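> Numbering (mature numbering (1 follows the signal peptide of the UniProt record, and there is no 0)) for the sequence shown: -24 to -1, 1 to 114. Every residue gets a Cβ at the ideal spot worked out from N, C-alpha and C, and that includes glycine. If you're wondering where the values come from, they're calculated on a predicted model, not measured in any experiment.
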Amino acid sequence: MSISRIVCLAALAGAAFLSTAAAASDAGLGASAEPRLQLIAQPSQVSPEVASIVGTWSMTYDWFCDGADGTVTWTINADGTFVSSGGATGTWVQVDKKVTFNYSTGTVYKGKVKADITMHGKQRDTHGNTGCFSAVRL
């Protein structure tokens, strides 16, 4: 007997969910079978061999990757939010060594964590401007 499954990933408040629905006729569950929703990742949940980025970081940003523009301090919270020393806020997600920071202004920083004490990557704002960033855990 085969079971048809529909699998979709959704991001909701910085968490990833896995939804599985079985075809009623194949599963023998009847037409009223409800799909199940299972939490598979939260911002502060990562593989055991990768440390969480929760904490304080010094982040240097460089729009257009032509020389550093400035440095801010990121306070990264376990609830999936962050705030910069300049007062800007946003949400973040970490999946193993990959991180994404979404500022409330629409600017997005994506990067990788190295040795659990540094990270580096690229950023893009809502106007299409791009740049580079690096950060060191304080």
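Alpha carbon to alpha carbon, what distance is there between V75 and I93?
Cα to Cα, the separation comes out at about 13 angstroms.
> Mind checking which residues open and close the beta strand (DSSP E) that includes S110?
106 to 113 is the span of the beta strand (DSSP E), which, as asked, contains S110.
> Skipping 5 residues on each side, what residues in its chain have a beta carbon closer than 6 angstroms to that of S8?
In this prediction, S8 scores a pLDDT of 46, lower than 50, which makes its location untrustworthy; no coordinate-derived value is stated.
> Quick one: Cα of T36 to Cα of D55, how far?
Cα to Cα, the separation comes out at about 23 angstroms.
> Terminal residues of the continuous beta strand (DSSP E) containing N53?
Segment: none, N53 is in no beta strand (DSSP E) and carries neither H nor E.
> If you draw a straight line from the C-alpha of A44 to the C-alpha of V69, how long is it?
Computed Cα separation, rounded: 25 angstroms.
> Restricting to runs no shorter than 3 residues, where is the beta strand (DSSP E) found entirely within the segment 63 to 88?
The qualifying runs are 65 to 71, 74 to 79.
> I'd like the list of long-range same chain contacts for K98, defined as Cβ closer than 8 angstroms, with 5 residues on each side in sequence excluded.
Only Y85, K86, G87, T106, G107, C108, F109 meet the Cβ criterion.
> For I45, which three-state DSSP category applies?
Note that residue 45 is Asp in the sequence shown here, rather than Ile. Looking at D45 - three-state DSSP - the assignment turns out to be coil, as it is neither helix nor strand.
> Can you tell me where the beta strand (DSSP E) with residue 119 in it begins and where it stops?
A query on residue 119 cannot be resolved here, the shown segment of the chain reaching from -24 to 114 and no further.
> Tell me whether F58 is buried or exposed, calling it buried when 16 or more other Cβ atoms sit within 10 Å of its Cβ.
Its Cβ being crowded by 16 or more others within 10 Å, F58 is buried.
> Could you pull the start and end residues of the beta strand (DSSP E) that T94 belongs to?
That run of the beta strand (DSSP E) goes 94 to 100.
> Is the beta carbon of G82 sitting closer than 7 angstroms to the one on T102?
Contact flag set, yes.
> As a quick exercise: from S60, V112, T67, pick the residue whose alpha carbon is nearest that of V89.
Answer by Cα proximity: V112.
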